[in-house]
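Number 703 marks the last residue of the sequence shown (UniProt numbering); no jumps. Data first, discussion second: the structure below is written as C-alpha cells.
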Amino acid sequence: MDGLVLRRNANGIPWVGVLDYKGRQRRSYQLLLLLQSSNHLTPTIDVQTSTIWSAIDPGWVDFSVAKRWLKKCITQHTSGCQSSSNIRHVSPAWLIDTTSHCLVSGEGITDFVALSYRWGPSTHRFMNSVIFKELTISGGLTKHSGLITPTVNDAMQAVRAIGEQYLWVDALCLAPDDDRKLSEQLQLMGSIYSSAKLTIVALDGDAMAGLPGTGVLPRNLQNTFDWKDSTKILARHLPSLSTLEVDASEYFQRGWTFQEYNLSRRRLIFANQQIHWRCSCALWHEDCPDLEDNDRSFLVTKTPNIEAGWPDLRELGNLITEYNNREFSFEEDAFPGITGLLAHIGNAFKAGFLFGLPKQNFDAALMWGCSLGRDSLNGAQFDGVRRRISSGRTGSVLPNAVLPSWSWIGWKGYPIDIFRGETQYLINELFIGESETGYIGSFKGDITVPITQWFSQKSPDASDKDIVTPCLESDTIISSTTVTDFDSDVWRCIRYVPSEHGADSGRTILLPWRVSGEFVYEHIHFPGVFRWFPLPYCSPKATIESQNTLEHPYISCKTERVWLAAVTSYRFLLPIPFDAHLGLYDKLGRICGWLQLPNDDEVSGFERAELPGDIDSQIVPSATKGIILNQFPADEDLIELVAICLRKSPEIDYKTKTVNYDDSYGVLWVKWVDGVAYRYGCGYVTKDMWHEQNPQTVDLVLG
C-alpha cells in the first residue's frame, strides 16, 4: 500500500481507497458503524451525523433479507428479471427435494433454485445407478450424506430458509449410466440456469468450503474494528463480480461458471462472508439490505444491441474475451461450456454459429485475431493466445468437445478481436471527417468479400458435407441495386435527405462500396440511427427450441495457396487491422503482406528482416514499398498461406473527395498433418502481389 484516498459516495457512505505506488486504486472499502444487537434491523442513517449503521449479524446469515429481496424482485421488477427471452423454459430431469432429502423427478416443476459453484480439486463424481436409485427414496440423501459436499449441504439449507423446496445441483441431479440422457441434460445446462427461479452463487470457496453462516459453521465477518463508545466499524469490502478484476474470486476463473452466472436471471451471491443480490434491476448487500448500491454499471447489460436483435460483433467480442481466458479441467469442454450462452444471443445472428464463429459473415469471422502488448488504460498485459490441448479422455458424453484450430474455441487467451472495423457491423455508418475544404461525411470501415464456398463436415474425408451458408452472399453484402433487400418488419427504407440524415448542406458524402446513396435504413430498435444498408435481424422474442445441435469440427473449401518468407517486422505501425509480428516477402525480396502469430513467443522461430544499408532502419516499411532482403530464406523455411477472403480497405482522398480501395487477401498460415491443415497464424497479402506468386489451387480441409 502506498496511499489512501477518503471520500463519501453518492449514498453518503464514507469510503477509503487503497492506492498502489502509481496512485492506482487497487481496493476500496466503505465504512459503516456496526450496531451491537441480536435483532436484524434495517440499517439506519443518523440524520444529524449522516452516519450509516449496519445491523448485520457477525455469525449468521439473515435469510429473511434474501426472502425480501426475492419477493421484491418477483413483484416489482421488469420482465428482464422474470424470464430469459431467448431460451425456452425447461424443467430439469431430476431435482433435490430439500424437505424430503431425496431426488425427485423435475417434470412439471417450474419453480426451482440452481447452485453455481466450483467443484475444486478434492471433489469428484462418485455416482452409479445403484446409489442414484437409493437417492430417489425419501431420506436417501441423508443415508448417503458422504456424497454431499459442505457447499451443497448448506445450499439445501439456504433453499429451505428462503421458503423454496427444490434445488438443482450438477453433482447429484445428473443421472449416471444413461449417456444419452446425461448428454441431453449437460447440453441443457444453459437453459436450466436461465429457467431457475433463483441461482445461489458460491464465490467464497469451492465445494468443500460450504456457505459460512448458513449451516453448522458460523461465518467470520472480516474487517470489523473497535470504535468509540463501545461501537464497531465495519470496513465493507464488496466483492468483484467480473473475471477481469484483479481480485476477482476463483469462481470467475472457471469456464463452466461463465454461462451459469450470465444466464441466471436472479442471483443470491455468497461472497466476502455475507450475501448479496444481483438481478437485472438491483444490486443489494446484506449489511445494508435496503440501501440500493449506487454503482449503476451492473444495470448496463453487456450486450444491449444483441439483446435488441442487432448482431453487434464488438459486444460478441467482449463476451468472448471475458470467457476465453478461463480454466477447464478438460480443455475440450471450452465449446460445450459456452453453447448455452451462444444460444441465448443467437437470435441476433440469423444464420447461427459454427464453433463460436457467426455464420452470417463466416469468411470474415475466420480472420479473428488477438491484441498484444499492454492496455494503455488499465495496464493489463495482453500475451496473445495459446493452443488449448485436449486431455485425451475417452468416452466424453458431451457433443462438440473438440478444439478446432480455425476457431477461437481452440485457443486460450484474450482479448479476442472479431470483425475489427468491419463496415457492416459498425453502429454508426455516417462518419464525419475533416479536410482542407470543409467537412466530409464518410465511412471508414473495411469490407470483407467472400471468395469461396465453405462446408462443414464431421471428418476430413467425409462425403456428406453441410454448406456454411452466410446471411449475406458476396453480391448482397452491400447491394449494388437501388434498393437493398431488407426485412420490412424491422427495417424502414427512407429516401436519403442529407439535412435529415447526418449531413448538412455543403458536406460531401463519400459512399461505401456498392451503395447508391439514394436510400438509408432505420431499425425499429435503433430509431434515429441511419445506415446505408440493413443487416439480417431476428426478433429478440423468438425462442431457441433446442441446443442439442451437433456441429462439425472440420471445414473445407476450394481456394488458392502460395509460399512466402516470413521475417520479424515492425510492430503496431503497419496499416493492418491487428498487431503484426511478421512481414511476408516474396522471392524478389518485396514485402507482400503481414502475419500475426498467436503470441510473442512464436516470434523466436523467425529471422529478423535485414534492410539494405542505404535504407534508414528506423523507417518502417509499409504497403509495397519494395524493401529488399539481403538473403532470402531457403524453400524449406517458407510458410504456406491459404486465401480465405478478400478485404477491401478504404483510402479517402480528401482533395478529390473520392474513396479508393486497397484490396488484400485474408490468409491463414497452415501446416498439414495427415491431409488436414491447421491454423498457426493469420494475416493479409495484397491482391496484386498474391497473383504474382503463381498461386496453386488447393482443396483445403481445416481441423
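Just so it is clear, CB atoms sit at the ideal spot from N, CA and C, and this is done for glycine as well. The structure presented is a predicted model; accordingly, all values stated were derived computationally and were not measured.
Going by C-alpha distance, which of the options is nearest residue i?
i: residue 712; options: Gly410, Asn660, Ser390 and Val201; result: Nothing can be reported for residue 712: it is not among the residues displayed for the chain, which extend from 1 to 703.
i: Arg278; options: Asn324, Arg267 and Leu550; result: Arg267
i: Leu188; options: Asp178, Leu198, Thr199 and Leu174; result: Leu174
i: Ile269; options: Val159, Ile345, Asp312 and Gly255; result: Val159
i: Gly369; options: Leu167, Asp417 and His89; result: Asp417
i: Lys671; options: Gly681, Glu322 and Val567; result: Gly681
i: Asp601; options: Trp594, Gly593, Leu582 and Leu588; result: Leu582
i: Ile345; options: Glu327, Leu95 and Gly309; result: Gly309
i: Asp229; options: Leu33, Arg236 and Asn325; result: Leu33
i: Ser407; options: Gln453, Asp111, Leu357 and Ile131; result: Leu357
i: Asp635; options: Val562, Trp690, Val701 and Asp662; result: Val562
i: Ala93; options: Gly80, Leu167, Leu211 and Ile74; result: Leu167
i: Ser371; options: Leu597, Asp446, Asp287 and Ala566; result: Leu597
i: Leu641; options: Asp674, Pro695 and Asp461; result: Pro695
i: Tyr251; options: Gly445, Ile109 and Glu327; result: Glu327
i: Ala66; options: Leu198, Gly384, Ser122 and Val90; result: Leu198
i: residue 707; options: Lys587, Val676, Pro176 and Val152; result: Here the chain has residues from 1 to 703 only, and residue 707 is not among them.
i: Glu332; options: Phe382, Phe362, Arg387 and Leu366; result: Arg387
i: Ser122; options: Arg647, Met208 and Gly59; result: Met208
i: Gly352; options: Phe330, Gly384, Pro311 and Ala334; result: Pro311
i: Ala16; options: Arg88, Ser28 and Asn9; result: The displayed chain sequence assigns Val, not Ala, to residue 16. Selected option, being the one with the closest Cα: Ser28.
i: Ser516; options: Ile524, Phe533, Asp662 and Asp674; result: Phe533
i: Cys281; options: Val385, Glu560, Gly215 and Leu70; result: Leu70
i: Leu550; options: Ile306, Ile131 and Leu354; result: Leu354
i: Phe519; options: Pro289, Pro527, Gly410 and Pro498; result: Pro498
i: Asn400; options: Ile56, Ile451 and Gln457; result: Gln457
i: Gly210; options: Ile389, Ala271, Gln185 and Thr231; result: Ala271
i: Ile13; options: Asp226, Glu292 and Ile131; result: Glu292
i: Pro460; options: Asp699, Leu366 and Val567; result: Asp699
Going by DSSP, what residue range makes up the alpha helix (DSSP H) through residue i?
i: Phe63; result: Phe63 to Gln76
i: Trp690; result: Lys687 to His691
i: Ile233; result: Where Ile233 is concerned, there is no enclosing alpha helix (DSSP H), although the beta strand (DSSP E) it sits in stretches over Lys232 to Arg236.
i: Thr214; result: Where Thr214 is concerned, there is no enclosing alpha helix (DSSP H), given that its DSSP letter is neither H nor E.
Using the DSSP secondary-structure output, state which residues sit across from residue i in a beta bridge.
i: Ala271; result: Gln274
i: Glu522; result: Arg492 and Phe530
i: Pro450; result: Cys645
i: Pro14; result: Arg8
i: Phe455; result: Ile467 and Ser556
i: Ile320; result: Ile320 is not bridged to any residue.
i: Pro358; result: Phe353
i: His285; result: His276 and Cys288
i: Gly197; result: The sequence as given places Lys at residue 197; Gly does not occur at that position. Paired residue(s): none; Lys197 is not in a bridge.
i: Ala348; result: For Ala348, which the question treats as bridged, DSSP gives no partner whatsoever.
i: Val385; result: Gly413
i: Leu19; result: Gly3 and Gln25
i: Ile96; result: Leu103 and Leu167
i: Ala677; result: Trp672 and Leu702
Determine, using beta carbons only, whether residue i and residue j come nearer to each other than 8 Å.
i: Ser194; j: Arg265; result: yes
i: Cys645; j: Thr448; result: yes
i: Gln25; j: Leu31; result: no
i: Arg495; j: Glu522; result: no
i: Gly703; j: Val667; result: no
i: Leu147; j: Cys102; result: no
i: Val113; j: Ala171; result: no
i: Pro553; j: Pro404; result: yes
i: Met156; j: Thr224; result: no
i: Gly337; j: Gln253; result: no
i: Leu341; j: Leu263; result: yes
i: Arg236; j: Asp287; result: yes
i: Ser116; j: Thr257; result: yes
i: Gln273; j: His285; result: no
i: Val61; j: Gly213; result: yes
i: Ser91; j: Ser138; result: no
i: Gly413; j: Gly384; result: yes
i: Asp466; j: Phe455; result: yes
i: Leu319; j: Lys302; result: yes
How would you write the range of the beta strand (DSSP E) that residue i sits in, first residue to last?
i: Gln25; result: Gln25 to Leu34
i: Ser664; result: Thr658 to Val673
i: residue 707; result: This structure cannot settle anything about residue 707, because the visible part of the chain is limited to 1 through 703.
i: Tyr585; result: Leu582 to Tyr585
i: Ile591; result: Ile591 to Gln596
Exercise for the section: Output the residue ranges of the alpha helix (DSSP H) runs that lie fully inside the stretch 110 to 175 and measure 4 residues or longer, sorted by chain position. Expected result: Segments of the alpha helix (DSSP H) lying fully in the stretch 110 to 175: 129 to 135, 140 to 143, 150 to 161 and 170 to 173.
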